[in-house]
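With the working numbering, letter number 21 in the sequence shown gets 21, and the count goes up by one each step, no holes. Taking it in order: structure first as C-alpha cells, then the write-up.
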Amino acid sequence: MTQANNSKLGHDEPVLDPNQSASLATIAVDDTMPYEAVFKWFGYIILVIAVALSGFQIWQGITSTISATYFRPVHLCWVLVLIFLHYPLIKNRYSKLYLPGRVFDLVLCGLTLFAAYRMSIFDYNDIDHLLYGLGMQDLVAGCALLGLLMEGCRRTVGWVMVLIAALFLGYSAFGDLLPSAIATKSYSLQELIQFQIYSANGVFGSALGIAATTVFIFVLFGAFLEVTGAGKFFIDLAFSIAGRYRGGPAKAAVLASAGLGSISGSAIANTVTTGSVTIPMMKKLGYKPEQAAGIEAAASTGGQIMPPIMGAGAFVMAQFTGVPYSDIMLASIAPAILYFFCTLLYVHLMACKLNLQAVSRTEAVIAVMKQGAHHLIPLALITALLMMAYSPLLVGVAGCTAILVTAALRKHSRIGLTKFISGMKNGALMALPISVACGAAGIIVGVVGQTGIGLQFTQFVMEFSGGYMLVALGLISIVALVLGMGLPVTAAYIVLAVMAVPMLGDFGLPLLTAHLIVFWLSQTSNVTPPIALAAFAGAGVANANPMKSSVEAFKLAGGLFIIPIMMAYTDLLNPEASMLEFAFAIAQTAGIILALAISIEGYLLRGLSKAERVIAISTVPVILFNPFGAGFVGILVILGLIAVQWRTRDLLEVK
C-alpha cells in the first residue's frame with residue numbers, strides 16, 4: 001500500500017519496508033470494513049425506499065386514493081427520509097465521523113417519521129386548533145418539519161435556498177420591528193406553524209402539490225427514457241440531421257439538447273449528459289473549448305422552455321394561472337422555436353468565422369430511425385394527450401407505461417428487471433431536490449400572502465421604473481438573476497411569479513403573458529455571469545475557463561432576454577391577434593435576434609464593416625417599439641443588408 005492510500009484511509013504512518021506492506025494493507029482494509037459494510041447496507045436501504053416511493057407515486061397517480069391534504073405531507077416526509085439517507089451528513093465514508101454522522105441521519109429520519117405520523121392523524125376539519133392553538137405534540141412536529149425541510153434543502157439545493165426561506169420566516173415573525181415602509185404585523189410561533197404546516201397556504205401549497213404529483217411522474221418518465229436508450233437515440237438523430245452541415249456537431253448539440261432538455265427539465269443535467277458526447281466533437285471540429293461549453297449550456301437551458309415538457313415550472317404555472325397546460329404548451333411553441341433559431345444562428349456564424357467544415361461522415365437519418373423510431377411513440381402520445389386536455393398526472397403515467405411497452409417492441413431496447421428497478425430508483429432520486437425546493441418555495445409564497453409584502457414589492461418596482469415597462473422588465477431580470485444564483489429554476493420562478501406577476505399585470509399584460517415572461521427570465525441564471533451554473537458544468541466537461549464559457553453561453557442564449565421583451569411589446573402571445581399580426585410579431589423578434597447576432601459577431605455572409613454593424617444595431621429600437629407602425633422599415637433594412645452582403649461576399653470576404 002502506498003503513502004497516498006494510507007492517507008486516504010486515515011493512516012498517516014509510512015510503509016517501513018516491503019515485507020511489512022502486506023500486513024499493513026490487511027490492517028487498513030480491516031479497519032475500513034465497518035465503514036464499507038455500513039455504506040453497502042445504506043445503499044440497499046436507499047434502493048428499496050426509492051423504488052417504493054416511485055411505486056407509491058404511480059399508484060397514487062392512478063387511483064388518487066389519498067386526498068391532497070394528507071398526500072402532500074406523506075410525499076414530503078418520504079422525500080426527506082430518502083434525502084437524509086442518500087445525502088449523508090458526512091460524505092467521506094472513510095472519515096472517523098462517518099458512523100456518528102450516519103447515526104445522526106437516522107435520528108433525523110426518525111424525527112421525520114414522527115412528524116409524518118402526527119400530520120397523518122391530524123384532524124383538519126376540527127377548528128379547535130384555530131380557536132385554542134395546536135397541541136404540544138403537533139406544535140413540536142410542525143417545528144421539526146420546518147427544520148427538517150431546511151436541512152433537506154441545505155443538503156440538496158444549498159444554503160441560499162435555506163437562507164432566503166429563513167429570511168422570509170424572520171420577516172413574518174419580526175416584521176413589526178422593521179421600518180414603517182416595509183413593516184408588517186408579527187406572527188407568533190403558533191400562527192406561523194398553523195399557517196405554514198397545518199394549512200394549504202405554506203409548505204404544503206400548490207407548488208409542492210405539483211412537485212409531488214405531475215413533476216415527479218414526468219421526472220420518472222425521463223428516467224425511463226434514459227434506461228431504455230431513448231436518450232442516445234435523440235442524440236444520434238440530431239447528429240444525422242445536422243451533422244453534415246457546417247458546424248454540424250454544434251448544431252446537433254442544439255437539436256439534441258432541445259429534445260432531451262425538454263424531458264429532463266434540468267439544464268445542468270442535460271449539459272453534462274449530452275455534453276459528454278457533443279462537446280468533444282465540437283472541439284475536434286475546431287470550436288474553442290469555451291465556445292463548445294457555451295453552446296451546450298445555452299442549448300440545454302433552452303430545453304426547459306421547449307414543449308411538450310417544459311420542466312417543473314410549467315406545471316406550476318398551470319396551477320398558478322388556472323390555464324390548461326395544453327394552452328401553455330401551444331403559447332410556448334413559437335417563442336421556443338425563436339430561441340433555438342437564435343442559438344443556431346450564433347452557432348452558424350461562429351462556424352463561418354472559424355471556417356469550419358462539415359463532418360465528413362454521418363449516419364443516415366433513415367438508418368437511425370430504423371433503430372429507434374419507436375422511442376418517438378411515447379413523446380407523440382403525451383403530446384396528443386396534453387393537447388386533448390387530459391390531466392398532466394395521468395398523461396405522465398400513460399407516458400411511463402408507453403415507454404416500457406414500446407421499448408419491449410425491439411430486442412435492443414427491451415429492458416429487464418434490473419434496468420426497470422434502476423429507472424424507478426433514478427426517477428425518485430432525481431425528484432428529491434425539486435420536491436424540497438418547492439416545499440421551501442411554499443414558505444416564501446405563504447409569507448408573501450400572509451404579510452402582503454408582494455404588494456410592497458410591486459409598488460417599489462413601479463416607482464423605481466418610472467412607469468416604463470422596459471425598465472421594470474430590466475429590474476425583474478436582475479432579481480431573477482440574483483435568485484437564480486442560489487435557487488433551482490423552479491423555485492426561482494415560483495418566488496418571482498408571486499412577487500413580479502402582479503406588477504406586470506399593472507402594466508396591462510395578460511396573466512399568462514406575465515407568467516411566461518417571468519418563467520423565461522428565471523432561466524437566465526444558468527447562462528449569465530458571474531454564476532452561470534449550466535455554463536460552469538459545460539466548462540468542466542470541455543476543460544475550459546468557466547467565466548469565458550459563461551460569457552459565450554450568455555451571448556448564445558440572448559433569446560432568454562430578447563423574447564420576453566417581445567412577449568410584452570408585440571402580439572407574440574396575444575390569443576386575439578390575427579395571423580398577420582402574429583406573423584409580424586415573429587418577424588419583429590427574428591429581425592431583432594438577427595440584428596443583434598450579426599452586430600455582436602461582426603459576420604453575416606461575410607465580415608461586416610463598421611458602418612454595417614452600426615446600421616444593424618440601429619434597427620433594433622425601430623423594430624422593437626414600432627414607432628408609427630414603422631417597425632417593418634427596420635426589417636427591410638436587415639433584408640437589404642443581407643442582399644448587399646450576398647452581392648459583395650466574394651469581393652470583401654474577411655477570413
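Glycine is no exception: its CB is placed at the ideal position from the N, C-alpha and C atoms.
Closer than 8 Å is the cut-off here; do at least three beta carbon pairs connect the region 522-536 with the region 553-568? yes
CA-CA distance, V203 and Q194? Answer to the nearest angstrom: the Cα atoms are 11 Å apart.
For G302, the three-state DSSP class (helix, strand or coil): In the structure shown, G302 sits in a helix (DSSP, three-state: H, G or I).
Looking only at C-alpha atoms, which of A398, L345, H348 and I309 sits nearest to S332? Comparing Cα-Cα distances from S332 to each of A398, L345, H348 and I309, the minimum goes to I309.
For I476 and L521, which I take to be in contact (beta-carbon distance under 8 Å), what is that distance rounded to the nearest angstrom? 6 Å
Starting from the C-beta of S45, find all residues in its chain whose C-beta is less than 8 Å away, skip the five residues before and the five after it, and write them out in chain order. Per the sequence shown, the amino acid found at residue 45 is Ile instead of Ser. Excluding sequence neighbours, I45 sits near L85.
Tell me the start and end of each unbroken alpha helix (DSSP H) in the region 493-580 that is at least 4 residues and wholly inside, in chain order. 511-521, 533-542, 546-556 and 559-569
So if DSSP puts Y603 in a beta bridge, which residue, or which two residues, is it bridged to? Y603 is bridged to G607.
Could you check the C-alpha separation between I377 and Q304 for me, to the nearest Å? Between I377 and Q304, the alpha-carbon positions lie close to 21 Å from each other.
Going by other Cβ atoms of all chains shown within 10 Å of its Cβ, with 16 needed for buried, is G423 buried or exposed? buried
For A500, I'd like the list of residues in its chain whose CB is within less than 6 Å of its CB, leaving aside the five on either flank, ordered along the chain. I476 and V518
Under DSSP, the alpha helix (DSSP H) around S120 begins and ends at which residues? Y98 to S120
Simplified DSSP assignment, three categories, for I415: coil
Check whether the region 212-219 touches the region 65-83, taking contact to mean three or more Cβ pairs, one atom from each stretch, closer than 8 Å. yes
Give the secondary structure of K91 by DSSP, where H, G and I count as helix, E and B as strand, and everything else as coil. Three-state DSSP puts K91 in coil, outside helix and strand.
Could you round the C-beta distance between L356 and L473 to whole angstroms and report it? I think they count as a contact, below 8 Å. 36 Å between Cβ atoms; not a contact.
Indicate the three-state DSSP secondary structure (helix, strand or coil) for L356 in the structure shown. In the structure shown, L356 sits in coil (DSSP, three-state: anything other than H, G, I, E or B).
Inter-stretch contact at 8 Å, needing at least 3 Cβ pairs: the region 243-254 / the region 219-232: no
Rounded to a whole number of angstroms, what is the C-alpha to C-alpha distance between R154 and S618? If you take the alpha carbons of R154 and S618, they lie about 47 Å apart.
Quick check on this structure: which residue in Q137, Y132 and L148 has the alpha carbon closest to the alpha carbon of D105? L148
Restricting to Cα atoms, I'd like to know which of P179, Y171, Y94 and I182 is closest to S188. Checked all of P179, Y171, Y94 and I182; the closest Cα to S188 is Y171.
I want to know whether the region 420-434 touches the region 53-62 - three or more CB-CB distances under 8 Å. yes
Please look up how many angstroms separate the CB atoms of L573 and L516, rounded, as I've assumed it's under 8 Å. 6 Å
Within this structure, are the beta carbons of V448 and V405 separated by less than 8 Å? no
Element boundaries [alpha helix (DSSP H), containing N270]: A267 to L285
Could you say if the region 407-419 and the region 116-133 meet the contact criterion of at least three C-beta pairs nearer than 8 Å? no
If we call anything under 8 Å between Cβ atoms a contact, is L97 one with I90? yes
Is L349 near the ligand GTP, with its Cβ less than 7 Å from a heavy atom? Ligands in the displayed structure: none, and consequently the ligand GTP is not present.
7 Å Cβ shell around I27 - same chain, five flanking residues per side excluded: Reliability fails at I27, whose pLDDT of 36 lies under 50, so the model's placement of it is uncertain and the value that follows must be treated cautiously. Around I27: no qualifying Cβ.
Residues in its own chain within less than 8 Å of D327 by CB, not counting five upstream and five downstream? L512
For a quick check, are the C-beta atoms of T343 and G302 less than 8 Å apart? Result yes, Cβ atoms of T343 and G302 sit closer than 8 Å.
With distances taken between CB atoms, is the gap from L596 to G602 smaller than 8 Å? no
Measure the Cβ-Cβ separation of A585 and T570 and say whether it is below 8 Å. The beta carbons of A585 and T570 sit closer together than 8 Å.
List the whole-angstrom C-beta distance separating A542 from A389, where the pair is believed to meet the contact cut-off of C-beta under 8 Å. Here A542 is actually not in contact with A389; their C-beta atoms are around 42 Å apart, not less than 8 Å.
Beta-carbon spacing of I565, L169 below 8 Å: no
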